[in-house]
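S.K.: Dumping the structure here so I can ask a few things about it.
Protein chains in written order, with our numbering: chain D, 330 to 833; chain V, 237 to 587; chain R, 89 to 334.
Here it is, written out as structure tokens:
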């Protein structure tokens with residue numbers, strides 16, 4: 330009691346003159362902010378508000394107003410309101426503070442300090458509408474050279490066999506968000522969208538629900554440390570297999586699905602008891618060193634008769650380049666790097682905001698290291714963590730990535746407003762919840778169209794950006810640092826990125 | 237812009253440089269007087285087993301002694317001299333062009349299937365990197381040589397007395413620079429070992445191609461995108477032993493929608509090439525002619541943004557930016573045609 | 089009046105054009121230029137009623153901005169003959185390079201043999217007397233009629249399938265491309281569609297075919313039937329559905 334309550338995070342107000350008392354806000358809010366009284370009046374409890382915007386987006390009269398931090402503290406550059414409130418929270422509880430979504434600290438965004446090139450005079454730009462523009466991407470191991478001989482009769486013979494690769498019609502894939510962390514309807518929407526746009530989505534570590542089986546040719550199954558839902562049926566159904574070692578939001582620690590979200594269906598898919606917390610330990614307990622990883626990769630390939638590519642996902646940390654080089658030697662087909670802005674359903678706030686490095690620097694140093702060691706062809710590099718638009722994608726590819734995973738962006742296209750309260754399981758958009766009444770609000774037919782639209786529009790923009798740079802094949806953008814310039818980036822960062830400053 | 241022309245006499249009958257000088261000068265509209273160059277094969281019959289290293293020296297004191305040192309560690313200099321030149325009023329003498337006739341000590345390069353070439357390649361990369369200032373190797377093949385400078389084609393030709401050399405393959409280039417101002421090292425042809433390249437256009441995929449060759453042991457030091465083409469040919473041709481048609485397919489491949497329509501065998505081959513050699517794919521407008529001692533290859537980018545014309549007459553094959561240039565060299569030329577986008581035109585020495 | 093003879097051997101294009109203009113201003117109606125080898129911009133911006141016979145291989149941009157004269161070339165042409173031409177006629181007894189009749193807005197270009205890529209790119213028309221006609225006796229390469237906004241392109245082809253390339257009429261929003269023989273859907277560019285070639289169409293283009301054949305002393309009979317494919321714009325705003333406001 331002596332600490333008192335912290336001020337409201339958000340204040341909700343209704344413009345009573347606009348309000349037509351349709352009660353949509355009452356019905357839609359799953360956090361209990363609104364209460365209908367007998368006389369038709371609506372009472373507001375702002376303290377419960379999470380800024381999910383469900384009520385605002387459903388109000389037919391735009392009568393609802395939301396303000397953040399409605400109560401001022403004395404301003405202070407070091408002791409921000411957040412810093413003060415975290416201390417109060419921990420003093421009260423004695424526990425680790427959990428939070429959702431990606432890094433919320435005010436680090437500079439490297440993407441926003443990189444600019445792209447366009448051709449003029451010395452080179453024509455290419456119009457992607459009228460001339461061919463190739464964004465087709467193949468992910469997987471590539472040979473370092475081809476053994477091609479000319480026969481005596483003049484025929485050309487190819488003696489090298491190619492490893493299995495995934496074929497993508499666009500370099501944008503949908504990242505791993507597990508069933509349990511998100512609802513089945515949300516996962517279904519993502520799977521349908523991936524099939525519609527000729528790309529792939531990840532199952533996350535929650536297993537593969539049977540409703541997703543029709544889309545399994547566009548699904549990458551994940552094997553995480555908890556091995557949830559991993560059996561031979563699961564492995565056989567995926568188009569590729571991804572071993573999750575870490576994720577950008579919480580490098581070094583494992584996954585955590587609170588028991589509240591483990592309903593019957595989730596527990597069945599994950600093969601754990603209902604209501605229990607689903608904990609993925611930090612390391613895979615059969616991988617304590619790099620050679621163990623190679624064993625797991627080969628174990629998975631052997632189980633699936635070497636027919637499927639195997640990816641390895643790591644968080645971007647300081648020695649990410651060295652780890653990636655080790656992964657390249659382990660028979661894996663791709664390295665997925667999750668930068669420190671990667672999203673999550675739940676992570677300790679201190680990890681989410683302080684551990685890991687930006688994806689831009691990680692891709693650049695991984696690409697450089699693999700090139701230096703002459704092994705860049707052994708793995709594809711997939712970037713993820715805070716990709717917001719097609720410019721971020723173009724820049725990621727120019728820095729060395731073969732493709733990207735999007736996470737938060739795909740959720741936003743289904744309605745998410747990034748309120749960050751995923752761990753509570755009350756998402757009113759039907760995304761990060763298992764409550765049937767909420768999940769039914771998300772119509773996979775409609776939402777898969779939205780996600781597909783997002784991927785389509787970014788693919789169109791990417792074509793335009795490439796055309797303007799005089800490039801008609803995505804292979805020629807990959808690692809092409811000379812098409813980027815850094816604006817207001819320090820020398821050290823420019824050096825790591827191998828990018829020149831603007832004007833140079 | 238730039239104008240290019242290449243010719244091969246398939247029966248190795250020699251031509252002197254006067255013809256190609258005329259042809260190149262006809263294309264002065266395509267150039268800017270900031271660079272021109274010639275490459276010729278078969279011109280040093282007396283030293284045909286030696287690597288003819290052509291080097292620009294800023295002066296003959298420091299840089300030359302450093303180069304003398306490093307070369308003599310790796311092999312024997314059979315003969316050396318300043319390349320004979322004749323002063324031209326419009327050509328500023330920025331460097332001293334020198335040539336060494338060099339035989340490497342084969343057993344010094346271990347673990348290589350082509351030790352002599354690897355020694356010479358090593359020397360070229362070493363001298364051209366910043367460790368030795370004031371020296372630049374611009375030609376390093378056997379029984380062939382590149383002659384280039386910053387100036388108009390006739391001036392460069394007369395400076396090096398091109399008329400006095402007799403070769404069975406000639407390449408020439410008239411430069412209008414796109415990125416760096418005219419300097420002697422930036423003129424074409426670019427050469428490494430027996431590969432010489434002339435290029436009209438600009439490579440938008442340069443950053444990607446450069447990383448690929450650099451991860452395979454080459455160093456790009458000439459500030460000009462064309463350099464990477466010579467290294468790609470050396471890597472794919474000499475190291476990976478790919479036939480020329482396949483190298484061109486890697487650099488100017490058919491589109492995926494065309495590959496999808498091919499028969500199984502063709503599709504598999506083209507897909508394998510694109511997947512493996514993606515970083516060698518060249519984007520941007522270009523018309524390129526590459527020469528080596530047993531043939532020339534000409535090709536354009538896959539959407540034909542630059543012109544290329546081919547002509548034949550008897551044992552001679554001509555490839556150029558303009559028909560008029562070919563006719564200047566050979567008024568009786570027949571069978572003039574234009575190859576398709578990305579389609580290789582190959583002229584081989586008949587043995 | 090006697091035709092004026094000009095020997096172009098060793099002559100740069102500027103003095104050559106000066107000689108041509110002088111002859112035209114003096115009222116000459118026929119000029120014969122011999123030993124042409126690579127000179128660009130011949131008859132560039134030239135106006136008047138005059139026929140210029142060009143013997144040899146002209147360089148790029150023959151007849152650029154030309155407004156009225158007729159050029160007859162005995163030899164191949166280089167890049168973009170008829171570039172942005174306004175009116176007049178170019179007859180080429182040979183082949184031509186890329187971007188033939190680029191941005192042409194009137195007059196006629198007849199090529200006896202083959203042309204390169206992007207033939208007729210950006211051709212446009214307005215009014216009755218500004219309708220450009222490009223007729224090719226041999227084959228054309230990819231991106232024929234790219235960005236076309238008006239005029240007519242006819243490819244007669246030496247075999248029954250003249251067009252083996254892709255991107256025909258890519259971005260077309262006006263005008264017609266008429267190819268002898270058949271075309272597959274996948275060879276079409278964005279925004280182009282194949283429509284029926286009717287007897288009416290044949291009536292419209294017969295005069296051009298006859299004039300073309302007359303220039304090269306070919307018998308027009310074998311071309312006067314309906315074995316053609318006609319390609320037009322599928323809409324005048326093919327890309328409206330691609331954009332959305334902020």
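Even for Gly, the Cβ is constructed at its ideal location relative to N, Cα and C.
Of the residues that make up the segment 232-251 of chain R, which ones have a beta carbon closer than 8 Å to any beta carbon in chain D?
M.R.: Listed by position, the residues of the segment 232-251 of chain R near chain D (Cβ gap below 8 Å) are 234 and 235.
S.K.: Going by CA-CA distance only, name the one from R:157, R:149, R:191 and R:229 that's closest to residue 116 of chain R.
M.R.: The candidate whose alpha carbon is nearest that of residue 116 of chain R is R:157.
S.K.: Give me the Cβ distance between residue 594 of chain D and residue 519 of chain D, rounded to the nearest whole Å; I'm assuming they're in contact under 8 Å.
M.R.: Contact flag wrong, Cβ pair sits at about 17 Å.
S.K.: Sort out for me which residues DSSP pairs residue 355 of chain V with in a bridge.
M.R.: Partner(s): none; residue 355 of chain V has no beta bridge.
S.K.: Tell me whether residue 107 of chain R sits in a helix, a strand or coil according to DSSP, three-state version.
M.R.: Three-state DSSP puts residue 107 of chain R in a helix.
S.K.: Take residue 201 of chain R as the anchor and find which of R:165, R:128 and R:299 has the nearest alpha-carbon.
M.R.: Comparing Cα positions, the closest option is R:165.
S.K.: List in chain order: all unbroken beta strand (DSSP E) runs of 3+ residues lying wholly within the segment 419-448 of chain V.
M.R.: For the segment 419-448 of chain V, whole beta strand (DSSP E) runs of length 3 or above, ordered along the chain, are 426-428 and 431-437.
S.K.: Are the C-beta atoms of residue 579 of chain V and some chain D residue less than 7 Å apart?
M.R.: No - not a single Cβ of chain D is within 7 Å of the one on residue 579 of chain V.
S.K.: For a quick check, are the C-beta atoms of residue 417 of chain D and residue 335 of chain D less than 7 Å apart?
M.R.: Yes.
S.K.: May I have the straight-line CA-CA distance separating residue 598 of chain D from residue 360 of chain D, to the nearest angstrom?
M.R.: Distance between the alpha carbons of residue 598 of chain D and residue 360 of chain D: 27 Å.
S.K.: Just list the residues that DSSP pairs residue 317 of chain V with in beta bridges.
M.R.: Looking at the DSSP assignment, residue 317 of chain V forms a beta bridge with V:335.
S.K.: Check for me: the alpha helix (DSSP H) holding residue 406 of chain V runs from which residue to which?
M.R.: Unbroken run through residue 406 of chain V is the beta strand (DSSP E), 405-410; no alpha helix (DSSP H).
S.K.: Judging by CA-CA distance, which residue of D:526, D:804 and D:821 is the nearest neighbour of residue 468 of chain D?
M.R.: Answer by Cα proximity: D:804.
S.K.: Buried or exposed, going by whether 16 or more other CB atoms sit within 10 Å of the CB of residue 106 of chain R?
M.R.: The residue in question, residue 106 of chain R, is exposed, as its Cβ has fewer than 16 Cβ neighbours within 10 Å.
S.K.: By alpha-carbon positions, which one of R:318, R:233 and R:301 ends up nearest to residue 284 of chain R?
M.R.: Ranking R:318, R:233 and R:301 by Cα distance to residue 284 of chain R puts R:318 first.
S.K.: Between residue 262 of chain V and chain R, is any beta-carbon pair separated by less than 7 Å?
M.R.: So, interface residue.
S.K.: Under a three-way DSSP split, which group does residue 793 of chain D fall into?
M.R.: Three-state result, residue 793 of chain D: helix.
S.K.: So, are the CB atoms of residue 433 of chain V and residue 526 of chain V less than 7 Å apart?
M.R.: Yes, the Cβ-Cβ distance between residue 433 of chain V and residue 526 of chain V is below 7 Å.
S.K.: Please return the same chain residues whose Cβ sits closer than 6 Å to the Cβ of residue 521 of chain V, not counting the five positions on each side in sequence.
M.R.: So the list reads 437, 537, 541 and 542, once near-sequence residues are dropped.
S.K.: Can you pull the chain V residues whose beta carbon is under 7 Å from the beta carbon of residue 463 of chain D, in chain order?
M.R.: Residues of chain V passing the Cβ test: 491 and 492.
S.K.: Pull up the distance between the alpha-carbon of residue 553 of chain D and that of residue 601 of chain D, whole angstroms please.
M.R.: Roughly 15 Å between the two C-alpha positions.
S.K.: Can you give me, in chain order, the residues of the segment 537-563 of chain V that have a beta carbon less than 8 Å from any beta carbon in chain R?
M.R.: So the close ones are 539, 540, 543, 545, 558, 559, 560, 561 and 563.
S.K.: Determine the direct distance from the alpha carbon of residue 155 of chain R to that of residue 179 of chain R, and round the result to whole angstroms.
M.R.: In a straight line, the C-alpha of residue 179 of chain R is about 15 Å away from that of residue 155 of chain R.
S.K.: Starting from residue 582 of chain V, follow its DSSP beta bridges and name the residues at the other end.
M.R.: Residue 582 of chain V pairs with V:533.
S.K.: Chain V partners of residue 494 of chain D, CB-CB under 7 Å?
M.R.: Result: 511.
S.K.: Taking only the alpha-carbon atoms, compute the straight-line gap between residue 466 of chain V and residue 821 of chain D and give it to the nearest angstrom.
M.R.: Between residue 466 of chain V and residue 821 of chain D, the C-alpha separation is close to 32 Å.
S.K.: Between the C-alpha atoms of residue 398 of chain D and residue 354 of chain D, what's the straight-line distance to the nearest angstrom?
M.R.: Using only the alpha carbons, I get a separation of about 21 Å.
S.K.: Residue 574 of chain V CB to nearest chain R CB: under 7 Å?
M.R.: With 7 Å as the cut-off, residue 574 of chain V counts as an interface residue toward chain R.
S.K.: Can you give me the C-alpha to C-alpha distance between residue 442 of chain D and residue 439 of chain V, rounded to a whole angstrom?
M.R.: For residue 442 of chain D and residue 439 of chain V, the distance between alpha carbons rounds to 25 Å.
S.K.: So, using beta-carbon positions, are residue 584 of chain V and residue 531 of chain V closer together than 7 Å?
M.R.: In contact: residue 584 of chain V and residue 531 of chain V (Cβ atoms closer than 7 Å).
S.K.: Where do the ends of the beta strand (DSSP E) carrying residue 122 of chain R lie?
M.R.: Here the beta strand (DSSP E) through residue 122 of chain R covers 118-125.
S.K.: Return helix, strand or coil for residue 258 of chain R, following the three-state DSSP convention.
M.R.: Residue 258 of chain R: coil per DSSP, three-state reduction.
S.K.: Exposed or buried, what is residue 347 of chain D when buried is set at 16 or more other beta-carbons lying within 10 Å of its beta-carbon?
M.R.: Exposed, since its Cβ has fewer than 16 Cβ neighbours within 10 Å.
S.K.: So residue 376 of chain V and residue 427 of chain V are supposed to be a Cβ contact under 8 Å. How far apart are they, rounded?
M.R.: Yes, residue 376 of chain V and residue 427 of chain V are in contact; Cβ-Cβ is about 6 Å, under 8 Å.
S.K.: Tell me the rounded alpha-carbon separation between residue 412 of chain D and residue 361 of chain V.
M.R.: Cα-Cα distance, rounded: 56 Å.
S.K.: Which residues in the same chain have their Cβ closer than 6 Å to the Cβ of residue 122 of chain R, if we skip the five residues on either side of it in sequence?
M.R.: Excluding sequence neighbours, residue 122 of chain R sits near 95 and 143.
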